[in-house]
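Just so you know, the numbering used here puts 86 at position 66 of the sequence shown, and the rest follows in order with no gaps. In what follows, a structure is listed as structure tokens, so that the remarks can point back to it.
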Amino acid sequence: MDIHSPGTTDSDSGADNVSELHNASVDEGAALQGACAQVHLPTGAMCIKRRGHDGSCEFVAARQVDVLLAERKTAEHW
Ligand SMILES: [Zn+2]
């Protein structure tokens, strides 16, 4: 949605290399809570793992995000 907003990304590469990883979005609200928050665009599901987590993302349905993210934060003491 902000592809025409220069200088607002936190990319550390600066490269114009569009990989499959960039075929995604991030839920800003969840990201601000410390979540990975990657959104799987085809389904709208979001990753509720902690930001910078190892391994693959764990996507949950959008309507479950609030509950599951809260549980994850409590369980892992974010
Ligand atoms: Zn993730």
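For glycine and all other residues, C-beta sits at the position ideal for the given N, C-alpha and C. Predicted, not measured: the structure shown is a model, and the values here were computed from it.
Environment of residue i [buried if 16+ CB atoms lie within 10 Å]
i	result
alanine 55	buried
leucine 61	exposed
alanine 90	exposed
alanine 81	exposed
aspartate 47	buried
Assigned secondary structure, residue i (DSSP; H/G/I helix, E/B strand, else coil)
i	result
aspartate 50	In the sequence as displayed, the identity of residue 50 is alanine instead of aspartate. Correct three-state label for alanine 50: helix.
Proximity winner among the options, relative to residue i (alpha-carbon distances)
i	options	result
histidine 73	Ala82, Gln58 and Gln84	Gln58
alanine 65	Gly49, Leu52, Arg71 and Arg83	Arg83
alanine 95	Gly49, Arg70, Phe79 and Ala51	Arg70
threonine 63	Lys93, Phe79, Leu88 and Trp98	Phe79
Cutoff 8 Å: residue i Cβ touching any chain C Cβ
i	result
glycine 72	Of the protein chains in this structure there is only one, and it is not chain C.
* May I have a chain-ordered list of the beta strand (DSSP E) segments no shorter than 3 residues that lie completely inside the segment 51-96? => If we require 3 residues or more, the beta strand (DSSP E) runs fully inside the segment 51-96 come out as 58-60 and 65-67.
* May I have all residues whose beta carbon comes closer than 6 Å to any heavy atom of ligand 3, sorted in chain order? => Absent from the structure shown: ligand 3. Ligands present: ligand 1.
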